[in-house]
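Take the sequence shown: its position 305, counted from the start at 1, is 304 in numbering that gives the first Met the number 0, and no numbers get skipped. Backbone N, C-alpha and C fix where the C-beta goes; we use that ideal spot for every residue, glycine too.
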Amino acid sequence: MPGDTDTLIIGASAAGLATGACLKRVGQSFEIVEASSVVADSWRHHYDRLHLHTPKSSSALPGLDMPARWPRYPARDQVVQYLELYRRHHGLEPHYGQRVTRLERRDGSWVATTGEREWRSKNVVVATGAARRPVRPNWPGMDVFAGRVIHSSEYRNGEPWRGRPVLVVGFGNSACEQAIDLVERGAHPHLSVRSPVNVVPRDVLGMVPVLQLGIVMRHVPPGVADALAWPLIRLTVGDVTTVGLRKLPYGPNTQIARDRHIPLLDIGTMAQIRAGRIGVHGDIARFTETGVTFDDGTELDVDAVVLATGYRPALAEFLVDWETVCDDDGVPLASGRPTPLPGLFFCGQNVVGSGMLREIGIEARRLAKECVA
Ligand SMILES: Cc1cc2nc3c(=O)[nH]c(=O)nc-3n(C[C@H](O)[C@H](O)[C@H](O)COP(=O)(O)OP(=O)(O)OC[C@H]3O[C@@H](n4cnc5c(N)ncnc54)[C@H](O)[C@@H]3O)c2cc1C
0 MPGDTDTLII GASAAGLATG ACLKRVGQSF EIVEASSVVA DSWRHHYDRL HLHTPKSSSA
60 LPGLDMPARW PRYPARDQVV QYLELYRRHH GLEPHYGQRV TRLERRDGSW VATTGEREWR
120 SKNVVVATGA ARRPVRPNWP GMDVFAGRVI HSSEYRNGEP WRGRPVLVVG FGNSACEQAI
180 DLVERGAHPH LSVRSPVNVV PRDVLGMVPV LQLGIVMRHV PPGVADALAW PLIRLTVGDV
240 TTVGLRKLPY GPNTQIARDR HIPLLDIGTM AQIRAGRIGV HGDIARFTET GVTFDDGTEL
300 DVDAVVLATG YRPALAEFLV DWETVCDDDG VPLASGRPTP LPGLFFCGQN VVGSGMLREI
360 GIEARRLAKE CVA
C-alpha cells in the first residue's frame with residue numbers, strides 16, 4: 000500500500016528533520032509528511048528581528064553544526080537556511096502539501112490521513128511543534144476598540160507604528176524582543192504584564208550564554224539551581240520590582256519545571272524599561288474605543304495591541320486519541336519518550352531551560368532507538 004513505512008514523521012521543521020536524520024542513521028525506513036510546501040515553515044513566518052536566544056553551539060541538530068562564520072546567536076533567516084542545509088545534508092525528502100487531518104490506530108497500525116491519502120505505519124513521530132495555535136485571550140470591550148489587535152505570530156516589525164503607542168501583552172521572549180523592535184522603529188511600546196516574572200540575562204557578564212549554565216543545572220534539583228543562580232541574577236538583572244514588575248516567589252529553574260514557562264532571557268528589554276522607553280503596566284481589565292483600562296484603573300490610549308500570549312500544540316485537531324496522551328491543556332505528557340499508546344511518539348514538546356532545539360536533538364536520538372526497538 001502506498002505510504003507504508005516503519006515510521007511516519009509528521010512535520011518537517013527542526014523536530015521532524017532531526018528525527019528523520021537519526022532514523023536514517025540507524026537504517027530504519029520512514030517517511031516525512033509536511034503540511035506546507037517547504038521545510039522550517041514556522042521559522043519563515045517569525046518576526047524580522049528574531050535571533051536565536053540559544054547559542055548556535057547548543058542549537059544545532061544531530062549530525063550537522065551551524066557554520067563557524069555565523070554569529071553566536073544566528074538570525075531567523077539563518078535558522079531557515081540551516082534547516083534547509085540540514086535537509087540536504089541528510090538527504091531527507093519530505094512529502095510536502097500533506098497536512099495530517101486525522102491520526103488514529105487501526106488494526107494494530109497507525110493510519111494518518113492527508114487529503115485523499117492514507118499513510119500506514121508501525122510508529123508515528125508527531126513533530127508538529129509546541130507553538131502550533133496562537134492563544135488569543137478575550138477581554139470585555141475588544142469589539143469596540145478602534146485600533147488593530149494582532150497576535151505576536153503576525154508581528155513582522157514595528158514600522159507601521161513609528162511615532163505611535165503600541166501595547167504588547169505578555170512578558171515572554173517574543174513580547175520583550177518585539178517591544179525592543181518597536182523602540183528601534185521609533186514607536187512607543189508598553190508592556191502589559193499580568194503575572195509575576197523571572198528575568199535572567201541571555202549572557203552572563205556579556206560573555207557566557209546563560210543556557211550553558213542551564214545545561215549544567217539540569218542535573219541539579221531546580222530549587223538548588225535557583226539558589227545557586229540567585230546572586231548572579233541579582234548582580235546582572237537587578238531588582239525587577241523597581242520598574243513595576245512583580246518577582247515570582249521561586250526562581251527560573253523552578254518556573255520551567257513547575258509552570259513549563261521559559262523566563263525572560265533578557266537581551267536589552269530591562270535597560271529600555273529602565274530608560275523609560277518601554278512602559279510597564281499590569282493586567283488589562285477591559286478595552287476601550289481608544290485603548291485599554293488596566294486592572295488598577297489606569298488607562299492607556301494605543302494604536303495597536305500585540306498579543307504575545309503564547310501558543311498551544313493543538314494536537315486535538317488531528318489526533319483522535321489525544322486525551323490518552325495529553326494533559327487537560329492538550330500538552331503531551333511525554334515527549335521524546337514512549338507514550339501510553341504503542342508506537343506513538345512526540346518530539347519537540349519538552350519545555351526545558353537548556354534550549355528547545357538542543358532538547359529536540361536529544362529526543363530525536365532517543366526516539367530513533369525507540370522506533371527500532
Ligand atoms: C518566536 C520563537 C522563537 C524561538 N526561539 C528559540 C531559540 O532561540 N532556541 C530554541 O532552542 N528554541 C526556540 N524556539 C522554540 C522552537 O519552536 C523550536 O526551537 C523549534 O523551531 C521547534 O521545531 P518543531 O519542529 O518542533 O516545530 P515547528 O518549527 O513549529 O514545525 C512544525 C512543523 O510541522 C508542520 N505541521 C504542523 N501540523 C501539521 C500537520 N497536521 N500535518 C503535517 N505537518 C504539520 C508545520 O507546517 C511545521 O513545518 C522558538 C520558538 C518561537 C515560537
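Heavy atom of ligand 1 less than 7 Å from the Cβ of serine 35, yes or no? Within the sequence shown, the letter at position 36 stands for residue 35. Taking non-hydrogen atoms of ligand 1 into account, the C-beta of serine 35 is found less than 7 Å away from one of them.
For a test of your reading of the model: does the CB of glutamine 27 fall under 7 Å from any non-hydrogen atom of ligand 1? Yes or no. Start at 1 with the first residue of the sequence shown, and residue 27 comes out as number 28. Of the heavy atoms belonging to ligand 1, none sits nearer than 7 Å to the Cβ of glutamine 27.
Determine the burial state of alanine 307: buried for a count of at least 16 other Cβ atoms within 10 Å of its Cβ, exposed for fewer. Position 308 of the sequence shown, counting from 1, holds the residue named residue 307. With at least 16 other beta carbons inside 10 angstroms of its own, alanine 307 counts as buried.
Which partner residues does histidine 50 have in the DSSP bridge list? As a position in the sequence shown, residue 50 is number 51, starting the count at 1. Its beta-bridge partners are Ala74.
Are serine 108 and threonine 6 closer than 8 Å when you measure CB to CB? One-based indexing of the sequence shown puts residue 108 at position 109. One-based indexing of the sequence shown puts residue 6 at position 7. No; because the gap between Cβ atoms is not below 8 Å, this pair is not in contact.
In the DSSP output, what is isoleucine 232 paired with across the bridge? Start at 1 with the first residue of the sequence shown, and residue 232 comes out as number 233. DSSP output for isoleucine 232 lists no bridge partner at all.
Going by C-alpha to C-alpha distance, which of Asp3, Thr4, Ala14 and Arg161 sits closest to arginine 357? Taking the first residue of the sequence shown as 1, we reach residue 357 at position 358. Looking only at Asp3, Thr4, Ala14 and Arg161, the smallest Cα-Cα distance to arginine 357 is reached by Ala14.
Using the Cα positions of glutamate 415 and histidine 150, report the straight-line distance between them to the nearest angstrom. Given a span of 0 to 372 for the chain in the structure shown, any question on residue 415 remains unanswerable.
Alpha carbon to alpha carbon, what distance is there between tryptophan 160 and threonine 289? Counting from one through the sequence shown, the residue named residue 289 turns up at place 290. Counting from one through the sequence shown, the residue named residue 160 turns up at place 161. A straight-line Cα-Cα distance of about 15 Å links threonine 289 and tryptophan 160.
Mind reading off the beta-carbon distance from isoleucine 9 to valine 123? Whole number of angstroms is fine, and I expect it under 8 Å. Translated into the one-based positions of the sequence shown, residue 9 becomes position 10. Translated into the one-based positions of the sequence shown, residue 123 becomes position 124. Indeed, because the Cβ distance is near 7 Å, the residues count as touching under 8 Å.
Near alanine 367, what residues of its chain come up, given a Cβ to Cβ distance below 6 Å and the 5 sequence neighbours on each side ignored? The sequence position of residue 367 within the sequence shown is 368, counting from 1. For alanine 367, where only same-chain residues beyond five positions count, the Cβ hits under 6 Å are Cys21, Leu22 and Val25.
Between aspartate 295 and histidine 189, what straight-line distance do the alpha-carbon atoms span, to the nearest angstrom? Within the sequence shown, numbered from 1, the residue matching residue 295 stands at position 296. Within the sequence shown, numbered from 1, the residue matching residue 189 stands at position 190. Those two C-alpha atoms are separated by around 16 Å.
Can you tell me whether tryptophan 448 sits near ligand 1, meaning its C-beta is under 7 Å from at least one heavy atom of the ligand? With the chain covering 0 to 372 only, the question about residue 448 has no answer from this structure.
Going by beta carbon distance, what residues of the same chain come within less than 8 Å of aspartate 265, once the five residues before and after it are set aside? Position 266 of the sequence shown, counted from the start, is the residue given in the question as residue 265. Closer than 8 Å at Cβ, skipping near neighbours: Cys175, Val198, Val199, Pro200, Arg201 and Val236.
Mapping the DSSP letters down to three states, classify isoleucine 277 as helix, strand or coil. Here residue 277 refers to the residue found at position 278 of the sequence shown. In the three-state reduction of the DSSP assignment, isoleucine 277 falls in the coil class, being assigned neither a helical nor a strand state.
I believe isoleucine 214 touches serine 57 by the beta-carbon criterion, under 8 Å. Please report the beta-carbon distance rounded to the nearest angstrom. Residue numbering aside, residue 214 sits at position 215 when the sequence shown is read from its first letter. Residue numbering aside, residue 57 sits at position 58 when the sequence shown is read from its first letter. Serine 57 and isoleucine 214 do touch by the CB rule: their CB atoms are close to 7 Å apart, below 8 Å.
Between the alpha carbons of glycine 128 and valine 134, how many angstroms are there, rounded? For the purposes of this step, residue 128 is identified with residue 129 of the sequence shown, where counting begins at 1. For the purposes of this step, residue 134 is identified with residue 135 of the sequence shown, where counting begins at 1. Rounded to whole angstroms, glycine 128 to valine 134 spans 14 Å at the Cα level.
For tryptophan 138, name the three-state secondary structure that DSSP assigns. One-based indexing of the sequence shown puts residue 138 at position 139. In the three-state reduction of the DSSP assignment, tryptophan 138 falls in the coil class, being assigned neither a helical nor a strand state.
CB of serine 12 to nearest heavy atom of ligand 1: below 7 Å? By one-based count along the sequence shown, residue 12 stands at place 13. Yes - ligand 1 has a heavy atom lying nearer than 7 Å to the Cβ of serine 12.
I'd like to confirm the pairing. Which residues does DSSP put opposite phenylalanine 293 in its beta bridges? Position 294 of the sequence shown, counted from the start, is the residue given in the question as residue 293. Paired residue(s): Ile283.
Exposure of serine 36, with buried meaning 16 or more beta-carbon neighbours within 10 Å: Counting from 1 along the sequence shown, the entry for residue 36 is found at position 37. By the neighbour-count rule (16 or more Cβ atoms within 10 Å), serine 36 is not buried but exposed.
Please state whether DSSP places histidine 94 in a helix, a strand or coil. Here residue 94 refers to the residue found at position 95 when the sequence shown is read from its first residue. Correct three-state label for histidine 94: strand.
Neighbourhood of arginine 155 by C-beta, 8 Å cutoff - its chain only, sequence neighbours within 5 removed: By one-based count along the sequence shown, residue 155 stands at place 156. Taken in chain order, the residues that qualify are Tyr46 and Asp47.
So serine 41 is in the alpha helix (DSSP H); what residue range does that whole segment cover? Reading the sequence shown from its first residue, position 42 is the one you call residue 41. Counting along the chain, the alpha helix (DSSP H) containing serine 41 begins and ends at 40–43.
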